[in-house]
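What the sequence shown shows, in mature numbering (1 follows the signal peptide of the UniProt record, and there is no 0), is residues -19 to -1, 1 to 133, in sequence order. Have a look at the structure below, then the notes.
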Amino acid sequence: MKRTRAILFTFMLSGMLLAACGGKESATAGHHHGAASERYETTASVSEMPKFLSSYTDNTQATYATVGELEDIIKEIKCYCGCMDEETGYHDSLHRCFIAENKDGEVKWTDHGAQCGICLTELQDAKRLHDEGKSVDEIKQFIDNKYKGTES
């Protein structure tokens, strides 16, 4: 009986290890894009964070908090997670990964950026470069050079 359990355990462990060592997927595998896959929340201003962020890490919350400061810059930056949709214009920049709409001071936030490591890292890079005094063109060039080829 003990031998049977040991053999069964060995097969199960081997199966899990083989599954974990399977083919490497892209950084955005399983990441869905578009309005139907996103959660939205409207706040009174860009400085008021959406409540849905409470279910994300402190790092994600802090990254979202930089959107207001960088709004003009991230409207100029291409997102490389695969969400860009030039046909409909829905996701036309990194800005749309965090803010779906900013109208009359009210902000319609999207959780797309919170779900995507590429979006978050691009925003963090933009913030760091902005803090270093880089121009919008320099930030765009850095983002393009770093992320080009990561689109899914």
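Cβ coordinates follow ideal geometry from the N, Cα and C atoms, glycine included.
If you compare the alpha carbons of Ile124, Gln96, Cys64, Trp90 with that of Lys108, the shortest gap goes to Ile124.
8 Å or more divides the Cβ of Ile58 from the Cβ of Ser36.
In this structure, the straight-line span from the alpha carbon of Val88 to that of Gly63 is close to 23 Å. Counting along the chain, the unbroken alpha helix (DSSP H) around Lys127 starts and ends at 117 to 128.
Take Ser28, set aside five residues on each side of it, and the residues of its chain with a beta-carbon closer than 7 Å to its own are Gly49, in chain order.
Counting the other Cβ atoms within 10 Å of the Cβ of Gly94 gives 16 or more, which makes it buried.
Out of Thr47, Arg77, Thr23, the CA that lies nearest to the CA of Leu110 is found in Thr47. The C-beta separation of Met65 from Tyr45 comes to about 20 Å, leaving the pair out of contact by the 8 Å criterion.
About 7 Å separates the beta carbon of Thr41 from that of Leu34, a gap short enough to meet the 8 Å contact definition. Between the beta-carbon of Ile54 and that of Ile120 there is about 6 Å, and that keeps the pair under the 8 Å contact cut.
Of Ala81, Glu103, Ser18, the smallest CA-CA separation from Asn126 is found for Glu103. Here Glu82 is exposed. Its C-beta has fewer than 16 other C-beta atoms within 10 Å. Distances from the CA of Lys84 to each of Thr23, Ser18, Glu19 were compared; the closest alpha carbon is that of Thr23.
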